[in-house]
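Numbering (my numbering), first residue to last: 1 to 251.
We treat Cβ as the ideally placed atom computed from N, Cα and C, and that holds for glycine.
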């Protein structure tokens with residue numbers, strides 16, 4: 001992704017409190033937002049990937065977390081993952097109706113803190129085969145952690161791989177790992193920064209992508225609120241979550 005080519009498209013005010021994580025269905029018609037540290041909100045888009053066409057559909061509370069940050073769904077919409085920055089856990093939920101969060105049932109959790117590395121878990125992402133798991137750690141010790149899963153999307157089967165990638169400024173709010181594991185974006189004080197990995201998902205192969213940045217402060221001056229990032233699978237759209245506003249940019 002060449003961040004220097006980004007163009008601001010528009011924004012969407014949302015309901016709720018302190019929204020931070022954001023995710024979409026692969027066709028861009030459903031949007032999911034983690035808000036109020038304990039809810040996931042679902043929005044339907046009448047025009048795919050156009051956030052101005054989003055309409056609030058439903059909210060699904062959950063009780064397992066204390067300070068949730070990110071929300072991620074599997075490509076088939078049957079699994080939802082929530083990260084908790086206080087417990088340093090990842091939680092998995094099963095959706096009996098794909099993409100419908102009201103059908104979620106708690107499945108399992110994985111502790112990633114302590115000897116397993118990650119603290120202040122902000123986002124979790126998976127490779128397309130579900131066997132690589134990447135967790136972004138926010139705040140005082142920001143960075144990416146890599147885990148392998150012996151069973152696809154089974155977070156309880158995770159094993160930590162190597163040291164975390166730390167060439168990121170501390171107190172970075174959120175990160176997004178690219179769909180092929182060769183590029184990651186982070187949101188730091190309203191600036192999107194790029195990092196590249198010569199070997200997909202291998203943290204030790206990472207490097208700062210110097211000069212490949214985008215300044216979002218023209219759209220939102222409250223840099224502390226700018227959190228979640230998401231890039232569409234077709235690499236055409238980028239979204240930034242800023243508490244109660246979603247911002248859209250196109251490549």
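Assign residue i to one of two classes, buried (16 or more other C-beta atoms within 10 Å of its C-beta) or exposed (fewer than that).
i: residue 106; result: exposed
i: residue 181; result: buried
i: residue 40; result: buried
i: residue 4; result: exposed
i: residue 208; result: exposed
i: residue 112; result: buried
i: residue 162; result: exposed
How about residue i and residue j: are their beta carbons less than 8 Å apart?
i: residue 69; j: residue 156; result: no
i: residue 77; j: residue 99; result: yes
i: residue 195; j: residue 167; result: yes
i: residue 58; j: residue 102; result: yes
i: residue 193; j: residue 213; result: yes
i: residue 183; j: residue 136; result: no
i: residue 229; j: residue 185; result: yes
i: residue 254; j: residue 32; result: The chain is shown from 1 up to 251; residue 254 falls before or after that span and cannot be answered.
Measuring alpha carbon to alpha carbon, tell me which of the options ends up nearest residue i.
i: residue 154; options: 215, 214, 92; result: 92
i: residue 239; options: 45, 36, 30, 51; result: 51
i: residue 87; options: 79, 95, 67, 81; result: 67
i: residue 44; options: 36, 38, 53, 19; result: 53
i: residue 65; options: 79, 202, 110, 185; result: 110
i: residue 80; options: 22, 56, 46, 55; result: 22
Suppose the cutoff is 7 Å on Cβ atoms and the five residues either side in sequence are ignored; what does the same chain contact list for residue i look like?
i: residue 125; result: 72, 134, 177
i: residue 7; result: 249, 250
i: residue 233; result: 26, 179
i: residue 38; result: 61, 62, 65, 68
i: residue 235; result: 1, 251
DSSP has residue i in a bridge; who is on the other side?
i: residue 23; result: 32
i: residue 237; result: 250
i: residue 55; result: 44
Report all residues from its chain with a CB closer than 8 Å to the CB of residue i; omit the five preceding and five following residues, and keep chain order.
i: residue 245; result: 11, 12, 13, 14, 220
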